[in-house]
Amino acid sequence: MKLKQRLAEKKILVAPGIYDALTGLIAEQAGAEAVYLSGASIAYTRLGRSDIGLVSMNEVADTVAAVRDRVSIPIVVDADNGFGNALNVQRTVRVFERMGAAALQLEDQTMPKRCGHLDGKSLISSEEMAGKIRAACDARHSEDTLIIGRTDAIAVEGFEAALDRAEAYVEAGADILFVEAPQSVDQIEKVVSRLAGRVPLMANMVEGGKTPAVDAAGLERLGYSFVIFPGGIVRAVAATARDYYSNLVGAGSNAAFRNRMFDFSGLNELIGTPEMLALGHRYDGEQA
Numbered sequence: 154m155k156l157k158q159r160l161a162e163k164k165i166l167v168a169p170g171i172y173d174a175l176t177g178l179i180a181e182q183a184g185a186e187a188v189y190l191s192g193a194s195i196a197y198t199r200l201g202r203s204d205i206g207l208v209s210m211n212e213v214a215d216t217v218a219a220v221r222d223r224v225s226i227p228i229v230v231d232a233d234n235g236f237g238n239a240l241n242v243q244r245t246v247r248v249f250e251r252m253g254a255a256a257l258q259l260e261d262q263t264m265p266k267r268c269g270h271l272d273g274k275s276l277i278s279s280e281e282m283a284g285k286i287r288a289a290c291d292a293r294h295s296e297d298t299l300i301i302g303r304t305d306a307i308a309v310e311g312f313e314a315a316l317d318r319a320e321a322y323v324e325a326g327a328d329i330l331f332v333e334a335p336q337s338v339d340q341i342e343k344v345v346s347r348l349a350g351r352v353p354l355m356a357n358m359v360e361g362g363k364t365p366a367v368d369a370a371g372l373e374r375l376g377y378s379f380v381i382f383p384g385g386i387v388r389a390v391a392a393t394a395r396d397y398y399s400n401l402v403g404a405g406s407n408a409a410f411r412n413r414m415f416d417f418s419g420l421n422e423l424i425g426t427p428e429m430l431a432l433g434h435r436y437d438g439e440q441a
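For any residue, its number in this note's numbering is found by taking its place in the sequence shown, counting from 1, and adding 153.
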């Protein structure tokens with residue numbers, strides 16, 4: 154099903170965050186209807202660094218392509234601030250769409266950007282961001298490729314200014330609205346009362362972030378169509394990896410950790426190694 158069609162349904166769409174093909178595959182196997190390729194999570198895992206604008210457009214594009222080769226569900230891609238001006242945005246849209254993105258999220262931060270739940274952000278003008286959204290819409294090959302307009306203005310210009318920016322981004326053509334980091338349930342409700350019914354609304358749940366934790370059912374009742382949990386998998390993997398390495402270095406063995414990990418055959422079953430080998434055998438010279 155196309156992402157646009159799914160977002161038109163009353164049931165909220167939950168998109169787990171991923172950072173590579175393996176996490177995308179596991180999310181799909183768990184029943185996810187879409188995944189969110191988090192720029193922050195790429196920074197965390199590929200660079201071992203914070204989400205402060207260090208990841209390049211090409212690094213994200215390569216990751217989109219790898220994920221698309223392994224999963225069939227829609228991939229929503231964090232395109233940061235488009236990696237430059239409106240012309241850079243257009244190139245980003247063309248490249249990410251070719252790689253397999255179903256939607257691109259664009260934000261109104263300056264360069265270098267930083268995580269929406271970190272302090273110290275700065276913004277481009279509302280007019281420049283509206284131009285970026287128009288440029289993105291003009292550049293996409295298919296109208297099924299959705300453009301998400303994100304504003305980080307709550308932390309910089311205040312809540313009302315963020316809503317005004319969101320209005321401008323709808324008028325510029327955004328298919329989905331993402332008002333980042335509301336700081337209370339009251340603010341979440343006001344986002345809905347001001348903007349619901351125009352385009353689908355997207356929420357971002359960050360464990361320990363600035364927004365109160367609300368589950369998918371609660372967000373659906375409030376009027377949201379779409380929620381992402383972008384970095385949860387990295388926090389879970391990092392906690393597990395710290396325990397794993399501490400155990401291995403301390404004990405000199407994985408014996409005590411075996412019930413928390415796949416063995417060799419288990420991982421190969423997860424990723425489909427037997428099926429891949431069988432497929433390759435079909436093309437062996439002996440079969441000619």
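Positions of the beta carbon are idealized from the N, C-alpha and C atoms, including for glycine.
Listed as beta-bridge partners of Val230 by DSSP are Leu190 and Leu257. Nearest neighbour of Arg293 by Cα position, chosen from Ile165, Leu401 and Gln243, turns out to be Gln243. Taking Gly384 as the centre and dropping the five residues before and after it, the same chain places the C-beta of Gly170, Ser191, Ala193, Ser194, Tyr197, Val359 and Glu360 closer than 8 Å to its C-beta, in chain order. Within its own chain, the residues whose Cβ lies closer than 8 Å to the Cβ of Ile165, once the five positions on either side in sequence are excluded, are Ala369, Ala370, Leu372, Glu373, Tyr377, Ser378, Phe379 and Val380, listed in chain order. Taking 4 residues as the minimum length, the alpha helix (DSSP H) runs contained wholly in the stretch 303-334 are 312-325, in order along the chain. Less than 8 Å separates the beta-carbon of Leu156 from that of Pro227.
Judged by DSSP secondary structure, Met355 falls outside any alpha helix (DSSP H) and instead within the beta strand (DSSP E) spanning Leu354 to Asn357. The C-beta of Lys274 has 16 or more other C-beta atoms within 10 Å across all chains shown, which makes the residue buried. The three-state reading of DSSP puts Val224 in coil, since its state is none of H, G, I, E or B. Around the Cβ of Glu281, a 10 Å sphere holds fewer than 16 other Cβ atoms; the residue is exposed. Check the Cα spacing between Gly253 and each of Val220, Ser209 and Asn421: the tightest is with Val220. Nearest to Val309 by alpha-carbon distance, out of Leu276, Asp291, Val323 and Val338, is Leu276. By the criterion of a C-beta distance shorter than 6 Å, Ala255 is surrounded in its chain by Leu156, Pro227 and Ile228, once the five residues flanking it on both sides are discounted. Residues of the same chain with a CB within less than 6 Å of the CB of Leu316, apart from the 5 flanking positions on each side, are Arg347 in chain order. The three-state secondary structure of Pro169, taken from DSSP, is strand.
Annotation for Phe379: the continuous beta strand (DSSP E) segment containing it runs Phe379 to Phe382. In this structure, Ala334 is the residue among Asp437, Lys266, Ala334 and Ala321 with its C-alpha nearest to the C-alpha of Lys363. The bridge partners DSSP lists for Leu299 are Ala256.
With 16 or more neighbouring CB atoms inside 10 Å of its own CB, Gly235 falls in the buried class. Short of 8 Å from the beta carbon of Asp297, and not among the five residues preceding or following it, lie these beta carbons of its own chain, in chain order: Lys155, Leu156, Lys157 and Ala255. Excluding residues up to 5 positions away in sequence, Ser275 and Ile277 lie with their Cβ nearer than 6 Å to the Cβ of Thr263 in the same chain.
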